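Notes to accompany the following structure.
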Amino acid sequence: MKLIQYKKYIAAILALGIIYACEPTKETSSQKDSQVLELMSKMSVEQKVGQMTQITLGKFHEDGELKVDLLREAIIDKNVGSILNTNGSPLTVTQWHELLTAIQDIATKETELKIPILYGIDAIHGTSYTKGSTLFPHNIGMAAARNTELVSQSAKVTANEVRASGIRWNFDPTLGIGRQPLWSRFEETFGEDVYLTSTLGGSAIKAYEEDGLTNITAVASCMKHFIGYSTPQSGKDRTPAYIPDIQLREYYLPPFEAAVANGTSTVMINSGEVNGVPVHASKYYLQDILRGELGFEGLAVSDWEDIIRLHIRHQVASTPKEAVKLAVNAGIDMSMVPLDYSFYNYLIELVNEGKVSQERLDEAVYRILKLKFDLGLFDNAYPEEAAIPNFGKAEYAEVALNAALESITLLKNEDNILPLSKNAKVLLTGPGANNIGALHGSWSYTWQGDAEAAYNEGTLTLKDAMIEKIGASNVITNAVSDYNDATNTSTAFVKNNASKADVIVLAIGEKAYAESPGGIDDLTMDENQLLLVEAAVATGKPVVLLLAQGRPRVISSIEPGVKGVLNLYRPASQGAIATMEILFGDYNPNGRLPFTYPKNTGDIVLYDRKHSENYKESEPDTYGLGGFSPQWAFGHGLSYTTFSYSDLKLDQTTINANGTINATVTVSNSGDRDGKVAVELYVTDLYASVTPGEKRLKKFKKVEIKSGTSIQVDFQLAVADLSFINQNSERVTEEGEFTLMIGDQQENFFYKK
Ligand code: BGC
């Protein structure tokens, strides 16, 4: 080794020694770590900064063609280490392989250090950007399914299909909890509950990574968006959130803790600000909490353009260069720049000027290279031929179908209008009736998910699936593909044709949208859709609503007139088929709302509300209990059979520190159909130093029960399950009395240290 190189090597080891001292990595003393160090010892500042630079494919991919000169500029001249995204349209597996081969050819053959490119993609409900992939219900639906196994199976399929596409890094899962229904990314969340989000998010991460990152069945996951992104005060995407520490730790942090515990490799940072500080510039969130408290050792990537936005949007940096300094010093390891080389140029200057330390640079680059080694990219950077057979397997459709079936939630079934007879004449209309995008939502072959032509051939709309199910002669419909076409909300059509129908089925809700373009100013369902429902109700025929939507749009003005409501969420590729299975009784619905469905736009009170929120003083000095008055509560979901609960038993009435309590309950299917049910265990802390919630979900289990039979369901609760964040921001369990509830059963017990 030349002297100069040796000096660099020692400097790197010394610098990194500091990191290891406080943040031991999983494989501190392993061969791989020394490989990373050895490589780093050979790297110039420019090469290191290049590794921290992530550029979008669109920079060198135009009209479906790779601009090799621009790619060379990125990888060779600017030392770029990571690329992301598609250029607007999905590619086939073969096209992905060709593209990634071209990219890795340049990186591993034409650069001095031959460092492979780390390619990242948003495969957030299936492999969004590969033609022919399988798309699963968005997280909001997966949360309704209350089935960790389904989350895990879906994530495994996604890992296989992403990897088969030649990509090894998936920007998923979203772990922000959905407590602000106006937010346009609500569908990406697992709903409003922290336990549900932690459990399901953890399952997804485990499934993505557990086979080992070198395996062709795994991908690196990315917990996102750290932290507080999902709860903008105004409801508008990427606008300020105000989250007191006590709430942050009670609701927003646990899913990320669970993600770290489940081994996630990377984190993406929240584009917004929390309590007045953009998270991309916050040492408190990025160092003290993420690294210090959560002990996270992986790579932290910025979100899209969010470093430069510290200057142009957030205005905490007076220049773009200051923005780079703030973000990198706060703890960002990789910048999703992604449209130019400004980050690269500024960071080189900042390091040379001593404004960003060599140590900080090395810390970031170490994490990036470590992930590249862990993913096996240094052994083989190219798309793996052996992974191709794992793409598009026939059985994936079944996983997607099961997920859709278990997620769809029966919200209302007056007079048992559902299931419908297959001989019924159905008038089907509404904007969602013949539109594929509305069933899929965001990140579905295109970013917005609204390009009908981009969907896989053979994907059914509700109209197609209904005709398949009951025959064209039984379906009276005018529904056209264009969501916004006035034909779909024609009240005249409904009036003129209602007499031919036994029932009117209206597919309403929201067209596909993603991120900020999905912003709304009113949670109320669009007026033209409400008018359509009113017209249908006025015909006197029974009306059933199919809600294909990413968030709960308020329908209280028309709900009393309709007989049945199915919430589909974004059920994706098998969604239309699943809907018809349920509508016509071939499948017994078992989804449960993962959020509180509001009745009024100004009345967003969540299920785990504080007791004071139950009260309402409509008249002076008359406190009633009308404070919590949703359209449908969290956990609501009907079935075609009836389940009853009995014999709740706790194995002890007092639980001690380190102790556990076992609860058993009998669940009976007293109706005449077999069915699945998500059994949920809630706990209420009766008195505590911080106002306790009305109730909190602590466990759930999906079980299947044959008609006329009963089963016993067991849960085990630990002291930690009774904990909360106290006024000093510490997690504690206080002594006292608790109520445990399953269905309509409840028992009290005590915790005594
Ligand atoms: C989104 C991220 C996504 C990234 C890359 C951003 O706009 O906020 O969730 O991973 O784009 O596509």
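The opening position of the sequence shown corresponds to residue 8 in the numbering used here, with each subsequent residue numbered one higher.
Where a beta carbon is used, it is the ideal one built from N, C-alpha and C, also for glycine.
Note that the structure is a prediction, hence the values are computed from the model and not measured.
In the three-state DSSP reduction, Tyr-576 falls in the strand class (E or B). When C-alpha distances from Asp-310 are compared across Phe-178, Ser-191 and Phe-641, the shortest belongs to Phe-178. In the DSSP assignment, Asn-669 falls within the beta strand (DSSP E) that extends over 667-676. The set of residues whose C-beta lies within less than 5 Å of a heavy atom of ligand 1 reads, in chain order, Asp-129, Phe-178, Asp-310 and Trp-311.
In the structure shown, Lys-759 falls within a coil segment according to DSSP collapsed to helix, strand and coil. With respect to the 9 Å criterion, Ser-342 and Gln-61 are classified as neighbours on the basis of their beta carbons.
A straight line joining the alpha-carbon of Arg-170 with that of Ser-159 spans about 16 Å.
It is roughly 33 Å from the alpha-carbon of Gly-305 to the alpha-carbon of Glu-69. Taking the Cα positions, Ile-477 is about 57 Å away from Arg-298. By the Cβ neighbour-count rule, Tyr-622 is exposed, with fewer than 16 other Cβ atoms within 10 Å of its own. Our two residues, Arg-577 and Ala-445, have alpha carbons roughly 7 Å apart in a direct line. Taking the C-beta atoms as reference points, Ser-523 is found nearer than 9 Å to Ser-191.
The alpha-carbon separation between Leu-346 and Glu-312 amounts to approximately 8 Å. Here DSSP, grouped into helix, strand and coil, assigns Ala-288 to helix. By the Cβ neighbour-count rule, Val-335 is buried, with 16 or more other Cβ atoms within 10 Å of its own.
The alpha-carbon separation between Ser-428 and Tyr-490 amounts to approximately 28 Å. Between the alpha carbons of Pro-637 and Leu-220 lies a gap of roughly 44 Å. The continuous beta strand (DSSP E) containing Thr-60 extends over residues 60-63. Our two residues, Thr-468 and Pro-559, have alpha carbons roughly 21 Å apart in a direct line.
Bounds of the alpha helix (DSSP H) holding Val-75 are 75-79. Taking the Cα of Leu-368 as reference, the smallest distance to any Cα among Leu-120, Lys-332 and Gly-185 is reached at Lys-332. For secondary structure counted as the beta strand (DSSP E) over 3 or more consecutive residues, the segment 445-511 holds these complete runs in sequence order: 482-484.
Beta-bridge analysis with DSSP links Leu-724 to Ile-668. Within the segment 284-355, the runs of beta strand (DSSP E) that reach at least 3 residues and sit entirely inside it are, in chain order, 306-308. Pairing Asp-615 with Gly-700 gives a Cβ-Cβ distance under 9 Å.
If you draw a straight line from the Cα of Ala-460 to the Cα of Val-690, it comes to about 48 Å. Counted as a single uninterrupted DSSP element, the beta strand (DSSP E) harbouring Ser-625 occupies residues 623-626.
In this structure, Ala-542 places its C-beta atom within 9 Å of the C-beta atom of Val-501.
Put simply, the segment 379-386 does not touch the segment 344-359. Fewer than three CB pairs are less than 8 Å apart. The residues Asp-129, Ile-131, His-132, Ser-135, Gly-456 and Ala-521, in chain order, have a CB closer than 7 Å to that of Trp-450 in the same chain once the five nearest residues on each side in sequence are set aside.
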